[in-house]
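The opening residue of the sequence shown carries number 1065 in my numbering; numbering runs sequentially from there.
Note that the Cβ used here is the ideal one computed from N, Cα and C, for glycine as well.
The model shown is predicted, which means the values in this text are computed figures rather than measured ones.
To keep things clear, I will list the structure first and then write my remarks on it.
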Amino acid sequence: MLEHDRPITRAWVLHPDVKSNHSRRLAEPALEEAVSLAAALPDLQVVGSEVVRLPKMHAGMLFGKGKIEELKQRIKAAEVELVLVDGPVSPVQQRNLEKAWDVKLLDRTGLILEIFSDRARTAEGVLQVEMAALSYQRTRLVRAWTHLERQRGGLGFVGGPGETQIEADRRAIDMQLKALRQNLDKVVKTRTLHRAGRAKVPFPIVALVGYTNAGKSTLFNKLTGAEVFAKDMLFATLDPTMRKITLPSGDDVIMSDTVGFISDLPTELVAAFRATLEEVLDADLIVHVRDISHAQSEEQSHDVMQILESLGVAEGSPLIEVWNKIDRVDDEAREAMIKTADRTDDLYAVSAITGEGMASLLFDLASKLKDPRSEAVLELSFAQGRERAWLFDQGIVTDDTQTDDGYKLTVFWTSLQKERFSRL
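Structural data, given as structure tokens:
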């Protein structure tokens, strides 16, 4: 089936604003993000959206009877086929609402999984999404994705129209997960070998991280001259991309563009995409890109830092912050942001579109990655030939003496090289 021949599913987006949930996000921006998530799938046409204010969640139906009937009228009048609920929906609630409204229903996790399955391109990305989907599916008694026909190059785990029950029992799903983990292990080993190969290259790695749609890929393209897919869309890119660039100082670095983060990212996806995010764990410098023009920029920043902390990245890794999209704010706010960035260490105000502020960022990247050198004496066994060869490749050995047990080397290295040596 050709791209333009895909059947379009009419969707309605609901954001439940539950008063009893004191940690809830602001309703209107949350609904706007949910609509943007839905728009990220080419098969969906959002024909309506609304915030549904609730004093508390109803265990069996999520919403109260009166609200369900009121929504039913609007959903029916708009000929809606799929309702997207921006939040968690239990299997029982899903089944009851689908029956009440005579539509298919997806919660936030299910929608994000749909987007990831549509976007995954590399072998690793496909495996990770499939694992996340099965882990999610395992907890549910009904199949969550029956509304979309998988003729857009799907991954095989999504059922077709009319298929409402999980055909395999949990044991069968567990067997599938085991097989997927084995396949993923092979792919991860390959990635580890690639990383080990990069460890031999004396280039620091700079990883771009940030909330989805913060402009990371646009910034990456501007810095590297690459043509990575960049669009004003949530999760425009999933698979990490790496390019070598030469900074104005003449130093070479490897720039890495990673998957965007999002609030309430499904735990299944955090676990499954850990291997991809290991690129961030290996980075010598993390660049946190923020969409400073977004009304929820502070909240988005908090979500990103929480995920980085859960991955063990935030502590001990050098991190700088880039306020992107200053071209989207008014002149007064823009000037204030630039002044704040000028006065604050490790903070830069830029526009990846116009290039404003990029020269200062590029110039300072080199100084962030340059380290004072110190001398150290290392004792290696004869079995550590690989480590010894790496030290010579780096050009940091000033003295090399053979001993009864191996080698005694004097090196003059940076803390960055010391850290890399410890990873070998």
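Worksheet item: Taking contact to mean at least 3 C-beta pairs separated by less than 8 Å, is the region 1187-1194 in contact with the region 1149-1160?
Response: no
Discussion item. Please classify G1314 as buried or exposed, where buried requires at least 16 other C-beta atoms within 10 Å of its C-beta.
Written reply: Flag for G1314 reads exposed.
Worksheet item: Just how far apart, CA to CA, sit L1442 and E1385?
Response: 36 Å
Fill in: According to DSSP, residues forming a beta bridge with W1477
S1438
Worksheet item: Does the beta-carbon of S1438 have 16 or more other beta-carbons within 10 angstroms, so that it is buried, or is it exposed?
Response: So S1438 ends up on the exposed side.
Worksheet item: Anyone know if the C-beta pair for R1074 and V1115 falls short of 7 Å?
Response: no
Worksheet item: Between the C-alpha atoms of R1307 and V1082, what's the straight-line distance to the nearest angstrom?
Response: R1307 and V1082 have their alpha carbons spaced roughly 45 Å apart.
Practice prompt. Decide if F1427 is buried, meaning its Cβ has at least 16 other Cβ atoms within 10 Å, or exposed.
Written response: exposed
Discussion item. For a quick check, are the C-beta atoms of V1270 and L1349 less than 7 Å apart?
Written reply: yes
Practice prompt. Work out the CA separation of S1374 and R1234 for me, nearest whole Å.
Written response: Just so you know, the alpha carbons of R1234 and S1374 end up roughly 28 Å apart.
Fill in: Cβ neighbour criterion (16 or more within 10 Å) applied to G1279
buried
Worksheet entry | Which listed residue (R1450, F1485, V1414, R1407) has its alpha carbon closest to that of R1354 | V1414
Worksheet item: Given R1392, which residues of its chain have a CB within under 7 Å of its CB, disregarding the five upstream and five downstream residues?
Response: S1357
Worksheet entry | Presumed contact (8 Å Cβ cut-off) between G1151 and R1138, rounded CB distance | Contact flag wrong, Cβ pair sits at about 19 Å.
Discussion item. Can you look up E1420 in the DSSP assignment and give me helix, strand or coil?
Written reply: coil
Item to complete: Taking only the alpha-carbon atoms, compute the straight-line gap between P1093 and G1274 and give it to the nearest angstrom.
Response: Using only the alpha carbons, I get a separation of about 18 Å.
Fill in: Length of the line joining the Cα atoms of D1469 and S1431
39 Å
Worksheet item: Using the rule of at least 16 other Cβ atoms within 10 Å of the residue's Cβ for burial, across every protein chain shown, is H1366 buried or exposed?
Response: exposed
Worksheet entry | Closest by C-alpha distance to N1277, when choosing among A1236, Q1364, R1159, M1195 | Q1364
Discussion item. Please list the terminal residues of the continuous beta strand (DSSP E) segment that includes D1015.
Written reply: This structure cannot speak to residue 1015, because the chain is shown only from 1065 to 1488.
Discussion item. Contact criterion: CB-CB distance below 7 Å. Does R1245 meet it with respect to chain B?
Written reply: Of the chains in the structure shown, none is chain B; there is only one protein chain.
Worksheet item: What first and last residue would you give for the alpha helix (DSSP H) that runs through H1366?
Response: 1361-1374
Worksheet item: Taking the alpha carbon of L1095 as the point to measure from, which residue in K1242, Y1412, S1327 has its own alpha carbon closest?
Response: S1327
Worksheet entry | Sub-7 Å separation of L1311 and A1416 beta-carbons | no
Practice prompt. Could you tell me which of T1322, G1174, Q1370 sits nearest to A1347, measuring between CA atoms?
Written response: T1322
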